[in-house]
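Engineer:
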Amino acid sequence: MEKNNLLLITKDYNQWIHSEPIYLQEELKKITNLFVWNSSGNIHEILNNINFVPNFILIYLFDTEAPKITGLATLRIPFGIYLEDLHHFPDRTNEAMKRDNVQYIFTCYKEVFSKFYPEFSNIIKWLPHHVNTEIFKDYGKVKDIDMLLMGATNPYYYPLRYKILLSYRDKNNFRYHPHPGYKYINNEQVYNLFIKERYAQEINRAKIFFTCNSIYRYTVLKYLEVLACNTLLLAPSSNEVLDLGLKPGVHFVEINENNFKEKAEYYLNNDKEREEISKNGYNLVQKMHSTSIRAQHLIEMIQEIVRGG
0 MEKNNLLLIT
10 KDYNQWIHSE
20 PIYLQEELKK
30 ITNLFVWNSS
40 GNIHEILNNI
50 NFVPNFILIY
60 LFDTEAPKIT
70 GLATLRIPFG
80 IYLEDLHHFP
90 DRTNEAMKRD
100 NVQYIFTCYK
110 EVFSKFYPEF
120 SNIIKWLPHH
130 VNTEIFKDYG
140 KVKDIDMLLM
150 GATNPYYYPL
160 RYKILLSYRD
170 KNNFRYHPHP
180 GYKYINNEQV
190 YNLFIKERYA
200 QEINRAKIFF
210 TCNSIYRYTV
220 LKYLEVLACN
230 TLLLAPSSNE
240 VLDLGLKPGV
250 HFVEINENNF
260 KEKAEYYLNN
270 DKEREEISKN
280 GYNLVQKMHS
290 TSIRAQHLIE
300 MIQEIVRGG
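Residue numbers 0 to 308, in numbering that gives the first Met the number 0, belong to the letters of the sequence shown in order.
What follows is the structure, encoded as structure tokens:
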């Protein structure tokens with residue numbers, strides 16, 4: 000099958016602390032004729048200067064992290080945008096999508112999309128989070144951490160994580176690593192921060208990993224990262240979690256602010272059940288939620304658009 004000519008307009012994430020955009024970009028290179036553009040400008044001037052004729056244009060993290068692109072409303076080539084943190088400046092983003100006549104919206108959070116963008120909720124295409132399974136995998140580490148919590152614990156945005164931290168922070172069998180921050184990093188910092196392989200290996204050491212989906216009910220990337228490392232995930236469920244194929248009691252353990260202690264104690268004392276659920280979650284993510292699979296799904300949706308579907 001002939002490859003799509005895809006123009007990806009995105010911030011340069013090569014030295015960014017989170018690598019999901021780069022992993023996706025690398026997979027898209029394998030299955031499309033990909034041209035990556037990292038600067039702001041007028042889309043017609045960009046197309047005149049790059050010696051590349053796309054049949055689709057994707058703007059990654061439109062109106063937050065992406066380069067600022069003008070002239071989109073008069074563009075004849077089909078284009079789409081990708082939105083992630085939907086609560087960031089929704090009024091401004093709504094206005095920009097109307098101004099630019101956006102027709103195709105990809106988002107990783109479909110369940111709450113209509114809350115922030117009701118006028119566009121009928122044109123979204125679901126592109127859930129994904130993991131690079133060469134990084135997030137079972138490293139065979141000794142499970143020498145009973146309970147692990149990593150990431151942001153701001154009590155307003157993450158009340159369940161905050162309550163878990165307060166409950167266990169003085170316990171010897173609990174470990175917490177704060178979020179390293181959103182920033183550019185150099186090669187030396189990769190070995191000093193819990194990111195990429197070091198982050199995945201730390202998850203792999205844990206018997207139990209806690210997280211939550213924030214006050215916005217986002218199925219955050221940690222849901223898939225933890226499962227991909229063959230560690231038992233304790234986290235809230237939602238319709239979106241179920242739509243990802245994650246079944247409570249089968250692939251992860253559902254918790255809330257009233258029962259997380261009880262659930263953690265039970266699964267720490269029942270190795271066989273904990274290991275079985277961990278393995279089920281691991282197998283599911285490897286089969287359905289790798290970056291390579293997600294890139295293929297994205298291209299299938301783009302091909303349908305290009306064909307006029």
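Glycine included, each C-beta is placed from N, C-alpha and C at the ideal position. Values in this document were obtained by computation on a predicted structure and should not be read as measured data.
Is the segment 257-270 close to the segment 193-200, with three or more CB pairs under 8 Å?
Structural biologist: The answer is no - the segment 193-200 does not touch the segment 257-270, with fewer than three Cβ pairs under 8 Å.
Engineer: Check the DSSP bridge columns for Asn-121 and list the partner residues they point to.
Structural biologist: Start at 1 with the first residue of the sequence shown, and residue 121 comes out as number 122. DSSP output for Asn-121 lists no bridge partner at all.
Engineer: Compute the distance between the beta-carbons of Ile-207 and Met-146, then report whether it is under 8 Å.
Structural biologist: Locating residue 207 in the sequence shown gives position 208, counting from the first residue. Locating residue 146 in the sequence shown gives position 147, counting from the first residue. Yes, the Cβ-Cβ distance between Ile-207 and Met-146 is below 8 Å.
Engineer: Take Ile-58 and list the residues in its own chain whose beta-carbon comes closer than 6 Å to its own, dropping the five residues that flank it on each side.
Structural biologist: Counted from its first residue, the sequence shown places residue 58 at position 59. Ile-8, Ala-65 and Ile-80.
Engineer: Should Tyr-265 be labelled buried (16 or more other beta-carbon atoms within 10 Å of its own) or exposed?
Structural biologist: Taking the sequence shown and counting its residues from 1, one reaches residue 265 at position 266. Exposed.
Engineer: Is it true that the CB of Asn-229 sits closer than 8 Å to the CB of Tyr-281?
Structural biologist: Translated into the one-based positions of the sequence shown, residue 281 becomes position 282. Translated into the one-based positions of the sequence shown, residue 229 becomes position 230. Taking 8 Å as the Cβ cut-off, Tyr-281 and Asn-229 qualify as a contacting pair.
Engineer: Spell out a yes or no on whether the segment 32-50 and the segment 151-159 are touching, meaning 3 or more CB-CB pairs, one atom from each, closer than 8 Å.
Structural biologist: Taking 8 Å as the limit for Cβ pairs, the verdict is that the segment 151-159 does not touch the segment 32-50.
Engineer: Look up Asn-212 in the DSSP assignment and say whether it is helix, strand or coil.
Structural biologist: Mapped onto the sequence shown, residue 212 falls at position 213. Note: Asn-212 maps to coil in three-state DSSP.
Engineer: Let me know the secondary structure DSSP gives Phe-34 once reduced to three states.
Structural biologist: Working through the sequence shown from its first residue, we reach residue 34 at position 35. If DSSP states are grouped into helix, strand and coil, Phe-34 belongs with the strands.
Engineer: May I have the straight-line CA-CA distance separating Trp-15 from Trp-36, to the nearest angstrom?
Structural biologist: Taking the sequence shown and counting its residues from 1, one reaches residue 15 at position 16. Taking the sequence shown and counting its residues from 1, one reaches residue 36 at position 37. Trp-15 and Trp-36: Cα-Cα distance of roughly 16 Å.
Engineer: For Lys-136, count the other beta carbons within 10 Å of its own beta carbon; 16 or more makes it buried, fewer makes it exposed. Which is it?
Structural biologist: Mapped onto the sequence shown, residue 136 falls at position 137. Counting Cβ neighbours within 10 Å, Lys-136 comes out buried, since at least 16 surround it.
Engineer: Which residue or residues does DSSP assign as beta-bridge partners of His-17?
Structural biologist: Start at 1 with the first residue of the sequence shown, and residue 17 comes out as number 18. Note: His-17 sits in no beta bridge, so no partner.
Engineer: Using 8 Å as the threshold, is the segment 289-301 in touch with the segment 248-258, meaning 3 or more CB pairs across them?
Structural biologist: In short, these stretches do not touch, since the Cβ pair count stays below three.
Engineer: Could you check what DSSP says for Glu-83 in three-state terms: helix, strand or coil?
Structural biologist: Numbered from 1 along the sequence shown, position 84 holds the residue referred to as residue 83. Coil at Glu-83, not helix or strand.
Engineer: At which residues does the alpha helix (DSSP H) containing His-43 begin and terminate?
Structural biologist: The residue you call residue 43 lines up with position 44 of the sequence shown. 42-48 is the extent of the alpha helix (DSSP H) around His-43.
Engineer: For Phe-51, name the three-state secondary structure that DSSP assigns.
Structural biologist: Mapped onto the sequence shown, residue 51 falls at position 52. Looking at Phe-51 - three-state DSSP - the assignment turns out to be coil, as it is neither helix nor strand.
Engineer: Rounded to the nearest angstrom, how far is the Cβ of Asn-41 from that of Thr-73, given a contact under 8 Å?
Structural biologist: If you number the sequence shown from 1, residue 41 lands on position 42. If you number the sequence shown from 1, residue 73 lands on position 74. Not quite, the Cβ-Cβ distance comes to about 10 Å (not below 8 Å), so this is no contact.
Engineer: Smallest Cα separation from Ala-205: which of Tyr-217, Ser-213, Val-219 and Val-225?
Structural biologist: Stepping through the sequence shown from its first residue, residue 205 is reached at position 206. The shortest Cα separation from Ala-205 among Tyr-217, Ser-213, Val-219 and Val-225 belongs to Val-225.
Engineer: For Pro-247, does the three-state DSSP call read helix, strand or coil?
Structural biologist: By one-based count along the sequence shown, residue 247 stands at place 248. Residue state, collapsed to three classes: strand.
Engineer: Is Glu-94 helix, strand or coil when you go by DSSP?
Structural biologist: As a position in the sequence shown, residue 94 is number 95, starting the count at 1. Here Glu-94 sits in helix by DSSP.
Engineer: Measuring only the C-alpha atoms, how far is Lys-109 from Lys-142?
Structural biologist: Taking the sequence shown and counting its residues from 1, the one referred to as residue 109 is at position 110. Taking the sequence shown and counting its residues from 1, the one referred to as residue 142 is at position 143. Cα to Cα, the separation comes out at about 35 Å.
Engineer: Take Ile-298 and list the residues in its own chain whose beta-carbon comes closer than 7 Å to its own, dropping the five residues that flank it on each side.
Structural biologist: By 1-based counting over the sequence shown, the position of residue 298 is 299. So the qualifying residues of the chain are Asn-3, Ile-30 and Thr-31.
Engineer: What is the rounded straight-line gap between the Cα of Asp-270 and the Cα of Tyr-167?
Structural biologist: On the sequence shown, residue 270 is found 271 positions in, with the first residue counted as 1. On the sequence shown, residue 167 is found 168 positions in, with the first residue counted as 1. Cα to Cα, the separation comes out at about 21 Å.
Engineer: If you draw a straight line from the alpha carbon of Pro-235 to that of Asn-100, how long is it in whole angstroms?
Structural biologist: Along the sequence shown, read from residue 1 onward, the residue named residue 235 stands at position 236. Along the sequence shown, read from residue 1 onward, the residue named residue 100 stands at position 101. Each residue's alpha carbon lies about 36 Å from the other.
Engineer: Cβ atoms of Pro-77 and Ile-304: under 8 Å apart, would you say?
Structural biologist: Indexing the sequence shown from 1 puts residue 304 at position 305. Indexing the sequence shown from 1 puts residue 77 at position 78. In this structure, Pro-77 lies closer than 8 Å to Ile-304 by Cβ.
Engineer: Using 10 angstroms around the beta-carbon of Gln-102, count the other beta-carbons present and answer buried if the total reaches 16, otherwise exposed.
Structural biologist: As a position in the sequence shown, residue 102 is number 103, starting the count at 1. With fewer than 16 Cβ atoms within 10 Å of its Cβ, Gln-102 is classed as exposed.
Engineer: Nearest-angstrom Cα distance between Asn-153 and Ser-213?
Structural biologist: Along the sequence shown, read from residue 1 onward, the residue named residue 153 stands at position 154. Along the sequence shown, read from residue 1 onward, the residue named residue 213 stands at position 214. Rounded to whole angstroms, Asn-153 to Ser-213 spans 10 Å at the Cα level.
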